[in-house]
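Note that our numbering has the sequence shown beginning at 4, numbered continuously upward.
For reference, the structure discussed in these notes is given below.
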Amino acid sequence: MTDALSTAYALLHSVFGFNEFRPGQEEIVRAVLAGENVLTVMPTGSGKSLCYQLPALVRPGLTLVVSPLIALMRDQVRALAAAGVAAGSLNSSNEPGETARVMDLLRKRELRLLYVAPERLARPDTVEMLAEANVTLMAIDEAHCVSQWGHDFRPEYLTLGNVARQIGGRLQTLALTATADAPTRGDIVEKLFPSVPPRVFVRSFDRPNLRLAFQTKERSSRQVLAFVRAHEGESGIVYCASRRKVEELSATLAEAGVRALPYHAGLDKRVRDANQDSFQQDDGVVMTATVAFGMGIDKPDVRFVCHADLPSNVEAYYQEIGRAGRDGLPADTLTLYGLGDMQLRRLQIEQSDSSDERKRIERQRLGALLALAEAPRCRRQTLLAYFGEQSEPCGNCDLCVEGVERFDGTIDAQKAMSAILRTGERFGVECRARRPRSSGSHSRRRPWPPSCRPRGRGWRWRNSCRCWQRLRGTAAIVGDADTALLDALKALRTKLARTQNVPAYVVFSDRTLAELASHRPANPGAMREIHGIGDAKLERYGAAFLEVIRTNA
Ligand code: ADP
Ligand code: ZN
């Protein structure tokens with residue numbers, strides 16, 4: 004192992020509190036430490052940030068992080084500060100005091116990471132200042148924003164290649180994105196790496212910790228409520244197709260005692276920001292939202308995403324469910340769809356003012372989503388096949404767990420064909436397959452273990468249910484015996500987060516609390532071995548958490 008890599012391992016443990024790299028991270032960190040230019044395409048939640056944060060600490064000099072998402076920048080800076088790392092950001096929402104602090108650290112060359120919005124980098128004074136700041140690496144997050152093909156195009160990204168040259172000659176560049184098909188990748192290489200082409204790393208799009216499920220709409224608000232109730236006390240997002248539905252559904256959920264808040268572009272900005280802060284900061288808030296709520300949510304412990312209406316296409320579906328389970332722990336997703344959804348989405352495509360070519364592509368992408376909704380086999384296989392990946396049945400989707408009802412449709416199909424011909428092909432055909440109700444309820448074919456109790460009408464999964472935990476494929480969730488301790492640890496985390504005005508996960512992640520509750524460390528040395536606890540956090544929070552563990556023993 005090179006010296007730099009062994010330092011990286013040591014810092015992984017002492018600063019971030021992680022025992023090992025996530026798949027894909029180590030090879031990228033190695034390449035960055037070796038001075039190579041790198042483009043990495045990894046799904047959301049796979050841990051891209053560590054790929055620049057760690058090298059930033061191993062080597063001297065300043066790492067510049069370009070990100071268009073101001074809320075995300077702020078959260079990363081806070082999380083780094085909590086781990087004892089000197090990081091700062093420059094963007095339009097900075098308080099004057101914060102900017103002065105950052106400038107001071109920059110002058111003293113004490114800052115390790117500086118997050119900058121692309122608009123800010125386009126300013127000549129910023130570039131001038133950075134040319135003097137010993138920048139050794141430029142990490143460009145959301146690198147697909149440089150491509151005019153995608154819908155996230157940001158013109159300022161086109162200047163970044165030039166900016167890098169002005170700051171540091173052949174400044175080492177690491178570009179990161181979660182969404183890049185071949186043409187977008189080509190664009191990124193051409194625009195962001197004009198002189199030295201990067202080494203490209205593409206990770207699988209599989210997110211095995213996400214459970215996938217679809218249901219046909221029957222009584223949709225009840226279906227949503229049942230799903231949300233099966234996740235009591237957990238943070239989640241419910242996506243709706245319209246603002247009106249957001250309002251209605253969040254009211255329904257709130258009436259049923261769920262901490263649900265609405266979010267859509269029609270709300271007053273102050274209300275929207277307050278709701279987003281509350282979702283980000285507190286435990287167990289359910290955000291009922293249109294897709295306006297999305298980019299920039301950097302909350303690793305979102306435990307479920309429910310689509311109350313069919314998303315617009317497979318990419319949107321994948322991105323939206325991808326906001327759950329970024330911490331790698333099991334997370335649950337459910338998508339409801341009905342005939343009305345399909346008609347609405349088709350109409351939206353036909354009535355848009357896109358070119359014919361674009362409409363054709365949109366129709367294809369919608370078709371792929373319908374194929375996923377009506378898939379006859381493992382959903383993950385179908386989803387990954389869309390992204391060009393082959394895989395085995397996952398065992399963690401509704402179809403793998405509950406199977407599909409199949410029937411011989413030959414005669415029905417013949418009748419339908421003949422009806423189509425006899426009516427002169429004048430009518431549209433919509434088909435709808437029936438399948439047993441899945442996510443949220445036990446399969447009728449399976450025996451119910453005693454840990455699952457009836458709730459309302461019918462049997463429902465409970466989070467504490469062993470078979471549910473097994474299904475979600477974890478060892479990470481604590482057993483029943485530890486829930487009292489876990490609640491006490493959560494209460495302390497909430498208190499600390501409130502007094503410091505940071506999101507709960509900045510104090511400790513869910514996984515850290517779960518491990519504390521199951522391993523019950525009795526002293527700082529043992530606590531240091533727990534996931535997510537590095538030196539800085541041990542010093543800051545160790546005593547308080549050890550006290551809770553001791554008194555709840
Ligand atoms: P991405 O940018 O790819 O969406 P993030 O960088 O935000 O993902 O990381 C997602 C979550 O994974 C964060 O909570 C982060 O702390 C955690 N994480 C990253 N690397 C590791 C690791 N090696 N071990 C454990 N957790 C990790
Ligand atoms: Zn499956």
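Each residue gets a CB set at the ideal place from its N, CA and C atoms; glycine is no exception.
Check: Let's see if you can read the secondary structure: which residues bound the beta strand (DSSP E) around Ile143?; Outcome: 138-143
Check: In the DSSP assignment, find the unbroken beta strand (DSSP E) run with Pro200 in it and report its ends.; Outcome: No beta strand (DSSP E) holds Pro200; DSSP gives it neither H nor E.
Check: Between Leu402 and the rest of its own chain, which residues show a CB-CB distance below 7 Å, the 5 nearest in sequence each way excluded?; Outcome: Ala378, Arg380, Cys381, Arg382
Check: Any heavy atom of the ligand ADP closer than 6 Å to the Cβ of Thr47?; Outcome: yes
Check: Taking Cys403 as part of the alpha helix (DSSP H), name the residues at either end of that continuous run.; Outcome: 401-405
Check: Sorry if obvious, but does the Cβ on Pro379 come closer than 6 Å to a heavy atom of the ligand ZN?; Outcome: no
Check: Quick one: residues in its chain with C-beta nearer than 6 Å to the C-beta of Arg440, no 5 flanking neighbours on either side, listed in chain order?; Outcome: Confidence at Arg440 is low in this model, with a pLDDT of 39, below 50, so its placement is unreliable and the value that follows should be read with caution. No residues qualify anywhere along the chain.
Check: According to DSSP, what are the bridge partners of Gln175?; Outcome: Leu140
Check: Using the C-alpha atoms, what's the distance from Ala89 back to Val18?; Outcome: 12 Å
Check: I need the DSSP call for His310, collapsed to helix, strand or coil.; Outcome: strand
Check: When you compare only the Cα positions, how much space is there between Ile352 and Gly528?; Outcome: 59 Å
Check: Check each candidate in Asp330, Arg202, Glu235 and name the one with the smallest Cα separation from Val35.; Outcome: Arg202
Check: Beta carbon of Lys540: closer than 6 Å to some heavy atom of the ligand ADP?; Outcome: no
Check: Check whether chain B comes within 7 Å of Asn212, counting only Cβ atoms and requiring the distance to be less than that.; Outcome: Of the protein chains in this structure there is only one, and it is not chain B.
Check: What number of angstroms, rounded off, separates the C-alpha of Val44 from the C-alpha of Val105?; Outcome: 30 Å
Check: Assuming Pro527 is part of the alpha helix (DSSP H), what are its boundary residues?; Outcome: 527-530
Check: In angstroms with no decimal places, state the Cα-to-Cα distance between Ser207 and Asp330.; Outcome: 17 Å
Check: For Leu559, which three-state DSSP category applies?; Outcome: The structure shown does not extend to residue 559, since the chain is modelled only from 4 through 556, so no value can be given for it.
Check: Helix, strand or coil for Arg465? Go by DSSP, reduced to three states.; Outcome: Confidence in Arg465 is poor, its pLDDT being 40 and thus under 50, which makes the residue's placement too unreliable to answer from.
Check: At a threshold of 6 Å, does Arg383 count as lining the ligand ZN (C-beta to nearest heavy atom)?; Outcome: yes
Check: I need the straight-line Cα distance from Thr497 to Asp286, nearest angstrom please.; Outcome: 8 Å
Check: Mind the definition here: the stretch 137-153 touches the stretch 56-69 only if three or more C-beta pairs lie below 8 Å; say whether that holds.; Outcome: yes
Check: Where Ile240 and Met290 are concerned, what is the direct C-alpha to C-alpha distance, given to the nearest angstrom?; Outcome: 5 Å
Check: Does the Cβ of Gln283 have 16 or more other Cβ atoms within 10 Å, making it buried, or fewer, making it exposed?; Outcome: buried
Check: Per DSSP, which residues does Val41 bridge with? Please list them.; Outcome: Leu177, Arg202
Check: Can you determine whether any heavy atom of the ligand ATP sits closer than 6 Å to the C-beta of Leu516, and answer yes or no?; Outcome: The ligand content of the structure shown is limited to the ligand ADP and the ligand ZN, which means the ligand ATP is not among them.
Check: Report the residue ranges of all alpha helix (DSSP H) runs contained in full by the stretch 200-242; include only those spanning at least 4 residues, in chain order.; Outcome: 223-232
Check: Starting from the Cα of Glu3, find the closest Cα among Thr502, Ala216, Pro333 and give me that residue.; Outcome: Because the chain in this structure spans residues 4 to 556, residue 3 falls outside the shown range and cannot be described.
Check: Nearest to Ile1 by alpha carbon, out of Ala7, Ser9, Gly20?; Outcome: A question about residue 1 goes unanswered here, because the residues of the chain that appear run from 4 up to 556.
Check: Could you check whether the stretch 330-349 touches the stretch 300-315, counting it as contact only if at least three pairs of C-beta atoms, one from each stretch, sit closer than 8 Å?; Outcome: yes
Check: Starting from Ala259, follow the beta strand (DSSP E) in both directions and report where the run begins and ends.; Outcome: No beta strand (DSSP E) holds Ala259; DSSP gives it neither H nor E.
Check: Can you give me the Cβ contacts of Glu113 inside the same chain, cut-off strictly under 6 Å, excluding the 5 residues immediately before and after it?; Outcome: Ala89
Check: Could you give the residue range of the beta strand (DSSP E) that holds Asp335?; Outcome: 334-340
Check: Determine the DSSP secondary structure at Thr291, reduced to helix, strand or coil.; Outcome: strand
Check: Rounded to whole angstroms, what is the Cα-Cα separation between Gly323 and Leu369?; Outcome: Reading off the sequence shown, one finds Glu at residue 323, where the question assumed Gly. One C-alpha to the other measures close to 15 Å.
Check: State the Cα-Cα distance for the pair Cys148 and Arg247, rounded to the nearest angstrom.; Outcome: 31 Å
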